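S.K.: Sending over a structure as structure tokens; questions will come in a sec.
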Amino acid sequence: MAEVDVGKPLPAITSEAKPFWEAAAQNKLVMQRCRDCQAYVWTPRPACYECGSERLEWQELSGKGQVYSFTVIRQVVGRAASMAFEKEIPYVIAWIDLDEGPRMISNVVGCPVEDVKLGMTVSVVFEQQSPEVWLPKFKPLVS
Ligand SMILES: [Zn+2]
């Protein structure tokens with residue numbers, strides 16, 4: 001396998017989050033869901049934060065959602081300036097409301113930053129960052 005080095009700090013693959021990263025490497029977005037109260041649990045953890053149940057199971061999501069809020073990063077400072085973030089400005093950090101209900105933070109990619117709008121419909125894409133880490137990001141969904 002070719003060496004992948006994106007020049008950025010990467011998420012640690014903890015035991016709780018391992019199933020998430022394994023699915024992401026297969027371009028599938030999964031999330032824990034509580035078998036007792038049906039709440040989605042994000043980020044991965046040993047117990048439901050709504051009811052405390054440890055009866056969590058992994059479910060595959062549609063990967064579709066809408067932009068709830070976002071910001072455009074036009075300048076990076078400090079330690080980040082020496083990393084690969086600078087090459088990517090301007091870029092978008094957004095809250096994505098997934099169709100199933102949970103909200104996750106990610107990037108909107110695949111369009112000019114000026115085209116990103118509140119309520120915009122988006123779909124997940126996975127960008128490989130290392131042999132193990134594929135980050136879920138979101139691109140405009142053209143219907
Ligand atoms: Zn619960």
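Under the numbering used here, think of the first position of the sequence shown as 1, with each following residue one higher. Beta carbons are placed, not taken as given, at the ideal position from N, Cα and C, and that holds for glycine. Treat the numbers as computed from the prediction; the structure is a model and nothing was measured.
Using a Cβ-Cβ cutoff of less than 7 Å, which residues in the same chain neighbour P46 once the five nearest sequence positions on both sides are dropped?
M.R.: The residue you call residue 46 lines up with position 46 of the sequence shown. Around P46: E16 and E54.
S.K.: Is C51 near ligand 1, judged by its Cβ being under 7 Å from some heavy atom?
M.R.: Sequence index remark: in the sequence shown, residue 51 carries index 51 (1-based). Result yes, Cβ under 7 Å from ligand 1.
S.K.: What does the Cβ neighbour count give for Q38, buried or exposed, with the cut at 16 atoms within 10 Å?
M.R.: On the sequence shown, residue 38 is found 38 positions in, with the first residue counted as 1. Classification of Q38: exposed, given that the 10 Å Cβ count is below 16.
S.K.: If you measure between the beta carbons of S67 and V122, is that distance less than 8 Å?
M.R.: The sequence position of residue 67 within the sequence shown is 67, counting from 1. The sequence position of residue 122 within the sequence shown is 122, counting from 1. Going by the sequence as given, residue 67 is Val instead of Ser. Cβ distance < 8 Å, so V67 and V122 count as in contact.
S.K.: Hey, how far is the Cα of E132 from the Cα of M104?
M.R.: Your numbering for residue 132 matches position 132 in the sequence shown. Your numbering for residue 104 matches position 104 in the sequence shown. Rounded to the nearest angstrom, the two C-alpha atoms are 20 Å apart.
S.K.: Determine the burial state of C48: buried for a count of at least 16 other Cβ atoms within 10 Å of its Cβ, exposed for fewer.
M.R.: Translated into positions along the sequence shown, residue 48 becomes position 48. Its Cβ being crowded by 16 or more others within 10 Å, C48 is buried.
S.K.: According to DSSP, what are the bridge partners of L56?
M.R.: Taking the sequence shown and counting its residues from 1, the one referred to as residue 56 is at position 56. Bridge partners of L56: C34.
S.K.: Taking all protein chains shown into account, do 16 or more other C-beta atoms lie within 10 angstroms of the C-beta of P9, making it buried, or fewer, making it exposed?
M.R.: As a working mapping, residue 9 is identified with position 9 in the sequence shown. Under this definition P9 is an exposed residue.
S.K.: Would you tell me roughly how many angstroms separate the C-alpha atoms of L141 and S62, rounded to the nearest one?
M.R.: Residue mapping note: residue 141 aligns to position 141 of the sequence shown, counting from 1. Residue mapping note: residue 62 aligns to position 62 of the sequence shown, counting from 1. Distance between the alpha carbons of L141 and S62 is about 12 Å.
S.K.: By Cβ distance below 8 Å, which residues in the same chain neighbour W134 in space, the five residues on each side in sequence not counted?
M.R.: By 1-based counting over the sequence shown, the position of residue 134 is 134. So the qualifying residues of the chain are W21, A24, A25, N27, F126, E127 and Q128.
S.K.: Where does D97 fall in DSSP's three states?
M.R.: Residue mapping note: residue 97 aligns to position 97 of the sequence shown, counting from 1. Correct three-state label for D97: strand.
S.K.: Beta-carbon within less than 7 Å of S106's beta-carbon, same chain only, minus the 5 sequence neighbours each way: which residues are those?
M.R.: One-based indexing of the sequence shown puts residue 106 at position 106. Excluding positions up to five away in sequence, the list reads A94, I96, P136, K137 and F138.
S.K.: Closer than 7 Å: is that where the CB of C111 sits relative to any heavy atom of ligand 1?
M.R.: Walking along the sequence shown from the start, residue 111 turns up at place 111. No, Cβ of C111 sits at least 7 Å from all heavy atoms of ligand 1.
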